[in-house]
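Asks: Sequential numbering from 460 applies to the sequence shown in this note's numbering.
Provided herewith is a single structure, encoded as structure tokens, for subsequent inquiry.
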Amino acid sequence: MGRLLSGIIWASRSRASRSRFVSPNGCSPFRNPGHIPGVSGSGLLRAPWFLGGAKSFSSETGGSESIEYDVVIVGAGPAGLSAAIRLKQLCRERDFDLSVCVVEKGAQVGAHVLSGNVFEPRALNELLPDWRNEEAPVDVPVSSDKFWYLTKDRAIALPCPFENRGNYVISLSQLTRWMGVKAEELGVEIYPGFAAGEVLYDSNDNVVGIGTNDMGISKDGSKKETFQHGVELKGKLTLLAEGCRGSLSEKIISKYNLRRKVQAQHQTYALGIKEVWEIDENKHEPGAVLHTLGWPLDHKTYGGSFLYHMKDRQVSIGLVIALNYQNPYLNPYEEFQKFKHHPAIKSLLEGGTVIQYGARTLNEGGFQSIPYPVFPGGVIVGCSAGFLNVPKIKGTHTAMKSGMLAAEAAFSVLTEGSSIEVYWDFLRKSWIWEELKKVRNYRPAFEYGLLPGLAISGLEHYLFKGRLPFTLKHGKPDHEATNVAKLHTPIDYPRADGILSFDVPTSLHRSNTNHEHDQPAHLRLRDPMIPELVNLPEYAGPESRYCPARVYEYVPDEKGELKLQINAQNCLHCKACDIKDLKQNIEWTVPEGGGGPGYSVM
């Protein structure tokens, strides 16, 4: 980027030049980073962003370069890539040329993508109907579907409401890599390793693109020898597909009052913590799906577990905990470690090996929390808007469909002069809207506790089938739900045994998380005194527990007084702190591009 990019653009367009270009983590962004079906080891992961496609390029001496496209997409996840693919498909169908770029903060496409994932292929069938013949990593059909209620020592079978027949157990990080290749084949330009740090506006407050972060800045703000200016990626339209709690999306929602515009309720969230294990072949049942609720969570805390048998003796196992939990002593990471010791789970994992670890927040607000997803100059798609179907525990298919609808709206705007607000119309006429409206009362029903929630949601699912004439409201925003510490007793979690349960440093190593240490902190306190004056004395410092990567620690200073220490290099980009922080004092911003986790099978 910066002068380096300028030199590459103007001095050379040869393949040799491309091979010398590296992403911020020092690795070539063009090579396939892992064993991804349908992607050869020497294949390109993205089309070079300095070849073709871009409508124009400009530079200001000493400042950021500017590259113009028809459409700029932030985030190479399922929603962003579906939008990019659909745009290029429409270009081919209508014999029209639009330049489309996707900017991705992960070092590789898929590096920051984590999900369960039992995949419903409905949107993929629409987007790429021939995917079964194109080596898509979607090849383990669900073979069984179970639902258990757990006590400390027992597993009680319940009727299974998930209806997973016809779905697949997949790795979403692998699927997005495959989709990235498909997008490139259509002419989409994907830039992994560059973080969108700011929204660009024109004089009329219309969004005109994004700016990537400057790189090579030290902690003290000085420029290092490796300093490179960020680049302005300008688009006639900008699509925000950052995933749950996207930093730019949240700013846009706030700036343009997009929730108020449609009287949407606040968003609610959960934190999902996941491991991928390799287990004994005799215990492995490809396609077996299990969900549980109950232990280790109490009846006031919404959440549950999942365990999915993938291929190659791998299983995905995780625990999802709603972030409106009340007890400040609750530690989601430790609850997950404890869960693996349940007799019904322990017997499966014993003798196995953990391959990867990660964590990510997810939207649970559903239908009543969807903001108006259109702003001057662009739209919000996927989990940045919040299209997760909570009772299905699925959001990939809806995220993909929203990206496809956004692409169709964008194409209409750029070729026919339509208004971008047509995206809102497309959404409300789509199966996304119908699907989410039917299940809108499921999640808020659990505000009354586990048993009332099961009763209300059961009536909604089996009897009324989403036709109740009212819509339940969510409770307090997640950060306001935490009680003061004096109302609860500290939780004594068992020590990790190194066999089924592990300490945080061991798990972090398995996440491949890495950040350049000498850079400005991307986790910022709006008021540095709040942790010591409020969070610690009144709430026992819950940030030291809700973070699944031990980013936040209270450590004694030279006087023996506890002070908050932020270990930003540990960050998994899960966004739990941005959501659960008591006074909304923590601001999550993007670090240098290429930092963060390096997921390959999540």
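For every residue, glycine included, the Cβ atom is placed at its ideal position computed from N, Cα and C.
Can you tell which of Gly652, Pro903, Ala914 has the C-alpha that lies nearest to the C-alpha of Val1049?
Replies: If we check each option's Cα against that of Val1049, Gly652 comes out closest.
Asks: Which of helix, strand or coil does DSSP assign to Leu549?
Replies: Helix.
Asks: Per DSSP, Phe765 is paired with what?
Replies: Paired residue(s): His750, Gly777.
Asks: Between the C-alpha atoms of Arg1004 and Arg704, what's the straight-line distance to the nearest angstrom?
Replies: Going from the Cα of Arg1004 to the Cα of Arg704 covers about 20 Å.
Asks: With distances taken Cα to Cα, identify the nearest neighbour of Phe555 among Ala616, Gly539, Leu645.
Replies: For the residues Ala616, Gly539, Leu645, the minimum Cα distance to Phe555 belongs to Leu645.
Asks: To the nearest angstrom, report how far apart His947 and Arg613 are at their CA atoms.
Replies: Whole-angstrom Cα-Cα distance: 27 Å.
Asks: Hey, how far is the Cα of Tyr767 from the Cα of Asn822?
Replies: Cα-Cα distance, rounded: 21 Å.
Asks: Run the CB neighbour count on Pro596, radius 10 Å, all protein chains shown included, and call it buried at 16 or more, exposed below.
Replies: Burial call: buried.
Asks: Ignoring anything shorter than 3 residues, give me the beta strand (DSSP E) runs that lie fully in the stretch 609 to 657, in order along the chain.
Replies: Listed in chain order, the complete beta strand (DSSP E) runs (minimum 3 residues) inside the stretch 609 to 657 are 614 to 616, 648 to 651.
Asks: For Asn663, I'd like the list of residues in its chain whose CB is within less than 7 Å of its CB, leaving aside the five on either flank, ordered along the chain.
Replies: So no residue of the chain qualifies.
Asks: I need the DSSP call for Val849, collapsed to helix, strand or coil.
Replies: Here Val849 sits in coil by DSSP.
Asks: Which class does Gly689 belong to by DSSP, given the choice of helix, strand or coil?
Replies: Coil.
Asks: Please report how far the alpha carbon of Tyr650 lies from the alpha carbon of Ala700, in whole angstroms.
Replies: Spanning the two alpha carbons is a distance of roughly 14 Å.
Asks: Grab me the residues of Gly497's own chain with a C-beta within less than 6 Å of its C-beta, minus the 5 sequence neighbours each way, in chain order.
Replies: With a pLDDT of only 38 at Gly497, under the threshold of 50, the placement of this residue in the model should not be trusted, and no figure is reported.
Asks: In the DSSP assignment, find the alpha helix (DSSP H) that holds Arg969 and state where it starts and stops.
Replies: Unbroken alpha helix (DSSP H) run through Arg969: 963 to 969.
Asks: Look at the alpha carbon of Arg772 and the alpha carbon of Glu975, and state the distance between them as a whole number of angstroms.
Replies: The alpha-carbon atoms of Arg772 and Glu975 are separated by roughly 34 Å.
Asks: Report buried or exposed for Thr890, applying the criterion of at least 16 other Cβ atoms within 10 angstroms of its Cβ.
Replies: First, the amino acid is wrong: residue 890 is Trp here, not Thr. That one is exposed.
Asks: Compute the beta-carbon to beta-carbon distance between Leu778 and Glu794, rounded to the nearest angstrom, for a pair I have assumed lies under 8 Å.
Replies: Yes, Leu778 and Glu794 are in contact; Cβ-Cβ is about 6 Å, under 8 Å.
Asks: Which value, in whole angstroms, describes the spacing of the CA atoms of Tyr608 and Pro802?
Replies: Each residue's Cα considered, the two are about 13 Å apart.
Asks: Rounding to the nearest angstrom, what Cα-Cα distance links Glu527 and Leu557 in this structure?
Replies: C-alpha separation (whole angstroms): 11 Å.
Asks: Rounding to the nearest angstrom, what Cα-Cα distance links Leu692 and Gly845 in this structure?
Replies: Each residue's Cα considered, the two are about 25 Å apart.
Asks: In three-state DSSP terms, what is Pro483?
Replies: Low per-residue confidence applies at Pro483: pLDDT is 40, beneath 50, and the placement is therefore not dependable, though the value from the model is reported in the following sentence. Reduced to three states, the DSSP call for Pro483 is coil.
Asks: Pull up the CB-CB distance for Lys924 and Lys897, whole angstroms please, since I reckon it's below 8 Å.
Replies: Lys924 to Lys897, Cβ: 7 Å. Contact.
Asks: Whose C-alpha, out of Ala1027, Asp598, Leu583, Ile776, is nearest the C-alpha of Pro979?
Replies: Comparing Cα positions, the closest option is Ala1027.
Asks: Quick check: the Cα distance between Arg591 and Trp892, rounded to an integer number of angstroms?
Replies: Computed Cα separation, rounded: 27 Å.
Asks: Give the single residue among Ser525, Gly908, Ser574, Phe961 whose Cα lies nearest to the Cα of Asp757.
Replies: Of the listed residues, the one whose Cα sits closest to Asp757 is Gly908.
Asks: Is Ser716 helix, strand or coil when you go by DSSP?
Replies: With the sequence shown as reference, residue 716 is identified as Asn, and Ser is not the correct amino acid for it. Coil at Asn716, not helix or strand.
Asks: Identify, in the order they occur along the chain, each residue of the same chain with its Cβ nearer than 6 Å to the Cβ of Phe961, setting aside the five sequence neighbours on each side.
Replies: Around Phe961: Ala955.
Asks: Go ahead and label Val748 buried or exposed: buried means 16 or more other beta carbons lie within 10 angstroms of its beta carbon, across all protein chains shown.
Replies: Looking at its Cβ environment, which holds 16 or more other Cβ atoms inside 10 Å, Val748 is buried.
Asks: Under 8 Å by Cβ, that's how I've got Asp604 and Phe621 pegged, so tell me the actual separation to the nearest angstrom.
Replies: Between Phe621 and Asp604 the Cβ distance is about 6 Å, and since that is below 8 Å, they are a contact.
Asks: What is the DSSP secondary structure of Phe905, counted as helix, strand or coil?
Replies: Note: Phe905 maps to helix in three-state DSSP.
Asks: For Ala582, collect the residues of the same chain with a Cβ closer than 6 Å to its Cβ; drop the 5 residues on either side in sequence, then sort them by chain order.
Replies: Contacts found: His856, Met859, Lys860.
Asks: Under three-state DSSP, which class holds Ser960?
Replies: Three-state DSSP puts Ser960 in coil, outside helix and strand.
Asks: On the three-state DSSP scale, how would you describe Arg887?
Replies: Correct three-state label for Arg887: helix.
Asks: For Asn970, tell me which candidate among Cys1030, Leu659, Met863 has the shortest Cα-Cα distance.
Replies: According to the sequence as given, residue 970 is Ser; it is not Asn. Of Cys1030, Leu659, Met863, the residue nearest in Cα terms is Cys1030.
Asks: Bridge partners of Lys605, per DSSP?
Replies: Answer is Leu749, bridged to Lys605.
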